[in-house]
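Residue numbers (mature numbering (1 follows the signal peptide of the UniProt record, and there is no 0)): -21 to -1, 1 to 120. Think of the CB as a built atom: it goes at the ideal place given N, C-alpha and C, for glycine as much as any other residue. Quick caveat: nothing in here was measured; it's all calculated off a predicted structure. Structure record follows, encoded as structure tokens.
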């Protein structure tokens, strides 16, 4: 089990490095006070400027979502983060829609986010209700 976790960590770190090296192209969106880059063509959402409260846990280029943008439908894998722990993956699906709060579009993804033990990195289950990720368009880069 530890070897599998280590391999997953290596694969995730490689993905982060590839995201930075690949020079993702897309548009900037807001997510919970952080700025993220949404690259629909590559099916990736990465942190561009994490908000101060999570800057010690994630950094610019950290992968938040990977999957498919199929028209307005979106599906794939999202990641949750806890300081000192490996990212935890979970399946999500959702839609791109007009933003009811004003400018542009928004993306809403839902899925059963992993729930971690408070004293460790262990995943002890998933959220009872689906976790909801909301991204609001900020503009092109």
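Is there a C-beta anywhere in chain B that falls below 8 Å from the one on residue i?
i          : result
residue 85 : Going by chain labels, chain B is absent from the structure shown, which holds only one protein chain.
Give the straight-line distance between the Cα atoms of residue i and residue j, rounded to the nearest whole angstrom.
i           : j           : result
residue 16  : residue 28  : 9 Å
residue 53  : residue 75  : 7 Å
residue -1  : residue 40  : Interpretation of residue -1 is limited by its pLDDT of 36, a score under 50 that renders its predicted location unreliable; the figure taken from the coordinates is listed afterwards. Cα-Cα distance, rounded: 9 Å.
residue 37  : residue 26  : 8 Å
residue 78  : residue 10  : 13 Å
residue 91  : residue 67  : 11 Å
residue 116 : residue 32  : 21 Å
residue 95  : residue 112 : 18 Å
Let me know the secondary structure DSSP gives residue i once reduced to three states.
i           : result
residue 32  : helix
residue 109 : coil
residue 4   : coil
residue 14  : strand
residue 21  : coil
residue 122 : In the structure as shown, the chain starts at -21 and stops at 120, and residue 122 therefore has no counterpart that could be examined.
residue 82  : coil
residue 38  : coil
residue 117 : strand
residue 60  : coil
residue 46  : strand
residue 54  : strand
Check each candidate in the options and name the one with the smallest Cα separation from residue i.
i           : options          : result
residue 106 : 66, 116, 59      : 59
residue 48  : 22, 30, 64, 57   : 22
residue 50  : 94, 71, 90, 86   : 86
residue 70  : 83, 80, 45, 61   : 45
residue 65  : 99, 13, 110, 104 : 99
residue 2   : 93, 12, 18       : 18
residue 83  : 114, 20, 4, 12   : 114
The beta strand (DSSP E) with residue i in it runs from where to where?
i          : result
residue 72 : 67 to 77
residue 93 : 93 to 95
With respect to 7 Å, is the separation between the Cβ of residue i and the closest non-hydrogen atom of the ligand ZN below this value?
i          : result
residue 23 : For the structure depicted, the ligand ZN is absent and the ligand set is empty, with no information on it obtainable.
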